[in-house]
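A.B. asks: As you go down the protein sequences, you meet chains A and B in turn. Heads up: take any position in the first sequence, counting from 1, add 44, and you land on the working numbering. Heads up: take any position in the second sequence, counting from 1, add 44, and you land on the working numbering. Cβ coordinates follow ideal geometry from the N, Cα and C atoms, glycine included. All of these numbers come straight from a predicted model, not from anything done at the bench. Have a look at this one before I ask anything.
Number of protein chains: 2
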Amino acid sequence: MASDKPGVPRGTRDFSPVEMVKRNFIFDTIKSVFRKYGYQQIETPSMENLSTLMGKYGDEGDKLIFRVLDSGEYFEKTKISKNIRLLIKQTIDSGLALDATVSEIKEEDLPLLAKMIDKSRVAQRQSEKNLIDFLDEYFNSRHLANEISEKALRYDLTVPFARYVVMHQNEIAFPFKRFQVQPVWRADRPQKGRYREFYQCDADVVGSASLLNEAEFVLIYDEALSKLGLKDFAIKINNRKILSGIAEIIDKSDNIIDLTVAIDKLDKIGLDGVTKELMERGFSEADIEKIKPVILLEGTNAQKLESLRLALITSDIGLKGCEEIETVLNYLATGKPQTATVELDITLARGLNYYTGAIFEVKTNEVAMGSIGGGGRYDDLTGMFGLKGLTGVGISFGADRIYDVMEELGLFPATSSQSTQILICCFDKEGEAYAFAALQQLRANNINAELYPAGAKLKKQLDYANAKNIPFTIIIGSEEMESGLLTIKNMETGVQEKLSLSEIISRQITL
Amino acid sequence: MASDKPGVPRGTRDFSPVEMVKRNFIFDTIKSVFRKYGYQQIETPSMENLSTLMGKYGDEGDKLIFRVLDSGEYFEKTKISKNIRLLIKQTIDSGLALDATVSEIKEEDLPLLAKMIDKSRVAQRQSEKNLIDFLDEYFNSRHLANEISEKALRYDLTVPFARYVVMHQNEIAFPFKRFQVQPVWRADRPQKGRYREFYQCDADVVGSASLLNEAEFVLIYDEALSKLGLKDFAIKINNRKILSGIAEIIDKSDNIIDLTVAIDKLDKIGLDGVTKELMERGFSEADIEKIKPVILLEGTNAQKLESLRLALITSDIGLKGCEEIETVLNYLATGKPQTATVELDITLARGLNYYTGAIFEVKTNEVAMGSIGGGGRYDDLTGMFGLKGLTGVGISFGADRIYDVMEELGLFPATSSQSTQILICCFDKEGEAYAFAALQQLRANNINAELYPAGAKLKKQLDYANAKNIPFTIIIGSEEMESGLLTIKNMETGVQEKLSLSEIISRQITL
């Protein structure tokens, strides 16, 4: 047993009791709102098969997936070792020069290598490499990882959810409204606010094209964040079809990404900057003139929609996008958000290749902070697992950022009903016996209470109460035992009173 | 994107909404009792450094730890590939015969190999192996795993807790009462009731030697399991010091494991069987005669203690164990368990090498099932990380088994306040608008409610309500919109009534 100074892996965190109370406050609040809107919780395994995860997040995403080794006995029987042994033997036996190229190698000389070349996509591209470089690349590549690992930690909750829906499609009552709050893992370079393990907090509904769902997600954001105490935040909405329409009216449907990347910077670089960037990206002056009314969209959401409709008059898909936005806004005229402003923002383009309809993003105006939530509608999430044509829409809460916002604004409740309410202090075994009976009565009345075991000085006991932020202490000495009147101390104000246990109980319960 | 039929890794599970409601019921109940007794929640990362985990669970345990590959970019730069390349080159260049033994190899011929031998404990034992066999073993061993993996998934919550306490010792107010409910991973062969990912649910206190803690753990078991609806269960207690005493009185302190393994079988094989087994394990007839009163312990706990004290009269440690048990039982005479029977059971020896004082185990008498909880006192948990002399005691709830017990006994509540209470059904866009306003009023009164989006037949909507186990539906047609009296249907009884929305709200809230 090593006695090195212990630590946690880079990019991971312990959560202390104080942090857990705050995190639970956030998660419990969001979950209660999800439930109020009919969303049901599921959980999926932390590990998924590699085949479930790979290829779903792009090349960059794939690299950030944490693979889990086939462990124990199984790992010791892996093929690597046999392959290495055979390869070394075959290489030496064949008498091949190390600078022979792969294409010069005859199958009968290096049968294992031939098989590797056959199996490996890396290998097929390497036939002009020399032997050593090929082996280097082969063992260096993901191919090796695939030989010793067949599962990985989930990278997000969306792909596992799609896998879940396809696997359980016969048990599910559609529309399926699910929420999920679990950690995900990414082998990202850790930095401030970016972790290798963090919780995602998602709600999605699949199997319903109704825009009622979009409206309800706006209301879910509004209700959850209001309950958490946020007082000024915006839910920005856009629609992929509007972005498609903008590209269509200038006949640049293929350049929609260039277009949205440039428009997205309006806030930072202004119209001149956007114009410059658009021209650099190959848009003509005529193009820019045509989409200027869109870029400079102003006024209320209704006014923006009117301008958009005029600008997109020749684009069916663009008009469809306007209609969808209008429908969502109409729902929200009946079911009004209590706190949030809802803003149509055509510069919003998160996960563009993924979303097919509504796009959401949530920002607080009280603190400088990236988005604290986002989501949108997608039309073929489960297609990757063979279930085509199931439309869905979903949102995500950025719990770590919400935590930071609430910390900065001092929004966490000073006391928590989850914490100990009363610490009983005593001085000797006799006092402890008396105190223990009182303690069990407090608990029988659902008061979270503790007894400091006999033998410590009062100061130490009170320090303990302060360290745990326990609001009340009861001190039991010989006088208290005789009179039955217990000294109860408010730890914040320092005020002490003498009360009977039943008085204390009725007072605590009504607190 | 593959369209293979998706699955989950062997030994892992999805949890459906129905299962999640039940699992939350169990975890929420246990957590609320932990909190009532002053325990605070922490969470630790899913991944720990290998150095934190390895060597803590014995050789068999180490093999079951799931290692996580150093991922992405980092993995591609791993040393393996360089080593393989160098080794092949050096092997060929040196002209060494493949059957040369490791000890024949000169450092200047194969410098890399020399370094490997130097670094690897495996290697040091292999000097008479030939080169190929050595390489085989080297790359085949855990050594390779260590080169490409430096972290692993936690195997339990106890070692991460010890690591947490040592890391955060300066922030913690001792005695530190923490609970933790998180998944753990074990590369065990999956079988019925044994999973590769499962939740553990632990509470521990470190830094307090008071036996009050032991008594409170008995009360925590009692209260949590009573709240879950269990009506007949036993909390068995023992003390490692009593087991030491029994070994001591026959002068067989070194054979304590043989002794306890044999005694443990009393239930199954009776006294004759135990006698036979003890003799096979090298105990004399005189030994057996001397410990027979202990093995045959009968009567109430007080009577058992009296017999034990007589039998252990010559063993200080044995008497100390009796005294500790008595102290715990004295606490429990004041703070009485509501449901559990507390049984002194000297055959109880779980994790013997680990525990130093109290040992607990919980069994239900209503269903045939292994233990549903267990724990005990340990005197040097944090010693493995360099913090000596911190005593602790802890318990664990077996959540999966408790789930199975409750399922078998039908103890889960038929309805859950977490689920949707009312589904509103409508037929057209006009009805939907009316319904949406009503829906938001229900939610404003904290009633979990859903609206089925317009366009589906009533049967489909009612099927959806039944599938989600929603107890009430409101049906909104043109008549309802005119009169303002809504048809509310009790989905279980089929009874329909016409009520105003405010009547529905006040009735639901008081339900």
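For my contact list, B:G475 and B:G528 are in at a C-beta cut-off of 8 Å; report their separation, rounded to the angstrom.
C.D. replies: Stepping through the second sequence from its first residue, residue 475 of chain B is reached at position 431. Stepping through the second sequence from its first residue, residue 528 of chain B is reached at position 484. The pair is not a contact, with the Cβ atoms about 14 Å apart (cut-off 8 Å).
A.B. asks: If you run the structure through DSSP and keep just helix, strand and coil, what is A:R551?
C.D. replies: For the purposes of this step, residue 551 of chain A is taken as the residue at position 507 of the first sequence. Helix, per DSSP.
A.B. asks: Just the Cα atoms here: how many angstroms apart are A:G251 and A:R421?
C.D. replies: Indexing the first sequence from 1 puts residue 251 of chain A at position 207. Indexing the first sequence from 1 puts residue 421 of chain A at position 377. Taking the straight line from one Cα to the other gives about 11 Å.
A.B. asks: Using DSSP with H/G/I as helix, E/B as strand and the rest coil, what is B:K280?
C.D. replies: As a working mapping, residue 280 of chain B is identified with position 236 in the second sequence. It is a strand residue.
A.B. asks: Please identify, using Cβ separations under 8 Å, the residues of the stretch 507 to 518 of chain B that lie next to chain A, in order along the chain.
C.D. replies: Listed by position, the residues of the stretch 507 to 518 of chain B near chain A (Cβ gap below 8 Å) are D507, Y508, A511 and K512.
A.B. asks: Is the distance from the Cβ of A:V17 to the Cβ of A:L97 below 8 Å?
C.D. replies: The question about residue 17 of chain A has no answer here: the residues shown for chain A are numbered 45 through 555.
A.B. asks: Please report how far the alpha carbon of A:F242 lies from the alpha carbon of A:K66, in whole angstroms.
C.D. replies: Position 198 of the first sequence holds residue 242 of chain A. Position 22 of the first sequence holds residue 66 of chain A. Straight-line Cα distance between these residues: approximately 15 Å.
A.B. asks: Span of the beta strand (DSSP E) holding B:Q484?
C.D. replies: On the second sequence, residue 484 of chain B is found 440 positions in, with the first residue counted as 1. Careful: B:Q484 lies outside any beta strand (DSSP E), inside the alpha helix (DSSP H) at K473 to A488.
A.B. asks: Among residues of its own chain, excluding the 5 on either side of B:L431, which ones have a beta-carbon nearer than 8 Å to its beta-carbon?
C.D. replies: Position 387 of the second sequence, counted from the first residue, corresponds to residue 431 of chain B. Excluding sequence neighbours, B:L431 sits near V209, V210 and Q213.
A.B. asks: Using DSSP bridges, identify the partner residues of B:V210.
C.D. replies: For the purposes of this step, residue 210 of chain B is taken as residue 166 along the second sequence, with counting starting at 1. DSSP output for B:V210 lists no bridge partner at all.
A.B. asks: Relative to the alpha-carbon of A:S359, which residue among A:P337, A:L434, A:Q540 and A:I294 has its alpha-carbon at the smallest distance?
C.D. replies: Within the first sequence, the letter at position 315 stands for residue 359 of chain A. Checking every option, the nearest Cα to that of A:S359 belongs to A:I294.
A.B. asks: DSSP three-state label for B:K533, please.
C.D. replies: Here residue 533 of chain B is taken as the residue at index 489 of the second sequence, counted from 1. Residue state, collapsed to three classes: strand.
A.B. asks: Would you say A:K195 lies against chain B (beta-carbon separation less than 8 Å)?
C.D. replies: One-based indexing of the first sequence puts residue 195 of chain A at position 151. Cβ-Cβ to chain B under 8 Å: yes for A:K195.
A.B. asks: Look at A:A253 and A:F223 and say whether their C-beta atoms are less than 8 Å apart.
C.D. replies: As a position in the first sequence, residue 253 of chain A is number 209, starting the count at 1. As a position in the first sequence, residue 223 of chain A is number 179, starting the count at 1. Not a contact, by the Cβ cut-off of 8 Å.
A.B. asks: Please report whether the beta-carbon of A:G116 lies at a distance below 8 Å from any beta-carbon of chain B.
C.D. replies: As a first step, residue 116 of chain A must be located in the first sequence, where it is residue number 72. Model confidence at A:G116 stands at a pLDDT of 45, short of 50, so the residue's coordinates are unreliable and nothing is read from them.
A.B. asks: When the Cα of A:S76 is compared with those of B:E524, B:A488 and B:Y478, which residue comes out closest?
C.D. replies: The residue labelled residue 76 of chain A in the question sits at position 32 within the first sequence. Nearest of B:E524, B:A488 and B:Y478 to A:S76, Cα basis: B:A488.
A.B. asks: Three-state secondary structure (DSSP) at B:K121?
C.D. replies: What you label residue 121 of chain B is simply residue 77 of the second sequence in a count that begins at 1. Because the pLDDT at B:K121 is just 39, under 50, the model does not fix this residue reliably, and the value given afterwards should be weighed accordingly. Correct three-state label for B:K121: coil.
A.B. asks: Can the beta-carbon of B:A278 be found less than 8 Å from the beta-carbon of B:T383?
C.D. replies: In the second sequence, the residue the question calls residue 278 of chain B occupies position 234. In the second sequence, the residue the question calls residue 383 of chain B occupies position 339. For B:A278 and B:T383, no; Cβs fall outside 8 Å.
A.B. asks: Does the Cβ of A:R207 have 16 or more other Cβ atoms within 10 Å, making it buried, or fewer, making it exposed?
C.D. replies: The count along the first sequence starts at 1 and reaches residue 207 of chain A at position 163. Burial call: buried.
A.B. asks: With burial defined as no fewer than 16 other Cβ atoms inside 10 Å of the residue's Cβ, what is the status of A:V539: buried or exposed?
C.D. replies: For the purposes of this step, residue 539 of chain A is taken as residue 495 along the first sequence, with counting starting at 1. By the 10 Å Cβ count, A:V539 comes out exposed.
A.B. asks: Nearest to B:V112 by alpha carbon, out of A:P497, A:S90 and A:E104?
C.D. replies: Locating residue 112 of chain B in the second sequence gives position 68, where the first residue counts as 1. Cα-wise, what sits closest to B:V112 is A:S90.
A.B. asks: With burial defined as no fewer than 16 other Cβ atoms inside 10 Å of the residue's Cβ, what is the status of B:S440: buried or exposed?
C.D. replies: Translated into positions along the second sequence, residue 440 of chain B becomes position 396. Burial call: buried.
A.B. asks: Excluding the five sequence neighbours on either side, which residues of its own chain have a C-beta within less than 6 Å of the C-beta of B:E541, listed in chain order?
C.D. replies: Here residue 541 of chain B refers to the residue found at position 497 of the second sequence. Result list for B:E541: I532, in chain order.
A.B. asks: From the beta carbon of A:E526, is the nearest beta carbon of chain B less than 8 Å away?
C.D. replies: Residue mapping note: residue 526 of chain A aligns to position 482 of the first sequence, counting from 1. With 8 Å as the cut-off, A:E526 does not count as an interface residue toward chain B.
A.B. asks: Ignore the nearest five residues each way along the sequence and tell me which others in A:L545's own chain have a CB closer than 7 Å to its CB.
C.D. replies: Sequence index remark: in the first sequence, residue 545 of chain A carries index 501 (1-based). For A:L545, where only same-chain residues beyond five positions count, the Cβ hits under 7 Å are A482, Q485 and L530.
A.B. asks: From A:I514, A:E350 and A:R445, pick the residue whose C-alpha is nearest to that of A:E370; which is it?
C.D. replies: Locating residue 370 of chain A in the first sequence gives position 326, where the first residue counts as 1. Checked all of A:I514, A:E350 and A:R445; the closest Cα to A:E370 is A:E350.
A.B. asks: Which whole-angstrom value is the C-beta distance of B:E194 and B:L108, which I expect to be below 8 Å?
C.D. replies: The residue you call residue 194 of chain B lines up with position 150 of the second sequence. The residue you call residue 108 of chain B lines up with position 64 of the second sequence. With a Cβ gap of about 18 Å, B:E194 and B:L108 do not count as contacting.
A.B. asks: Cβ closer than 8 Å: which chain B residues qualify as neighbours of A:I86?
C.D. replies: Translated into the one-based positions of the first sequence, residue 86 of chain A becomes position 42. Those are D58, F59, S60, P61 and M64, listed as they occur along chain B.
A.B. asks: Using a Cβ-Cβ cut-off of less than 9 Å, list which residues of the stretch 199 to 210 of chain B approach chain A; keep chain order.
C.D. replies: Of all residues in the stretch 199 to 210 of chain B, P204, A206, R207, Y208 and V210 have a Cβ within less than 9 Å of some Cβ in chain A.
A.B. asks: Using a Cβ-Cβ cutoff of less than 8 Å, which residues in the same chain neighbour A:L363 once the five nearest sequence positions on both sides are dropped?
C.D. replies: The residue given as residue 363 of chain A occupies position 319 in the first sequence. The residues are G289, R353, L356 and I357.
A.B. asks: Using a beta-carbon distance below 8 Å, is B:Y398 in contact with chain A?
C.D. replies: As a working mapping, residue 398 of chain B is identified with position 354 in the second sequence. No, no contact with chain A.
A.B. asks: My guess is that B:G379 and A:F480 are in contact by the Cβ rule of under 8 Å, so how many angstroms apart are they, rounded?
C.D. replies: Against the second sequence, residue 379 of chain B aligns to sequence position 335. Against the first sequence, residue 480 of chain A aligns to sequence position 436. 6 Å between Cβ atoms; contact.
A.B. asks: Restricting to Cα atoms, I'd like to know which of B:R57, B:K504, B:K309 and B:A500 is closest to B:F471.
C.D. replies: Position 427 of the second sequence, counted from the first residue, corresponds to residue 471 of chain B. Of the candidates B:R57, B:K504, B:K309 and B:A500, the one whose C-alpha sits nearest the C-alpha of B:F471 is B:A500.
A.B. asks: If you pair each beta-carbon of the stretch 447 to 466 of chain B with each one of the stretch 490 to 500 of chain B, do three or more pairs fall below 8 Å?
C.D. replies: The stretch 447 to 466 of chain B, when compared against the stretch 490 to 500 of chain B, does touch it at the 8 Å Cβ threshold.
A.B. asks: Give a yes or no on whether 8 Å exceeds the smallest Cβ distance from B:E494 to chain A.
C.D. replies: Against the second sequence, residue 494 of chain B aligns to sequence position 450. Yes, contact with chain A.
A.B. asks: State yes or no: is the C-beta of A:G528 nearer than 7 Å to some heavy atom of the ligand NAP?
C.D. replies: With respect to the ligand NAP, the structure offers nothing, as it holds no ligand at all.
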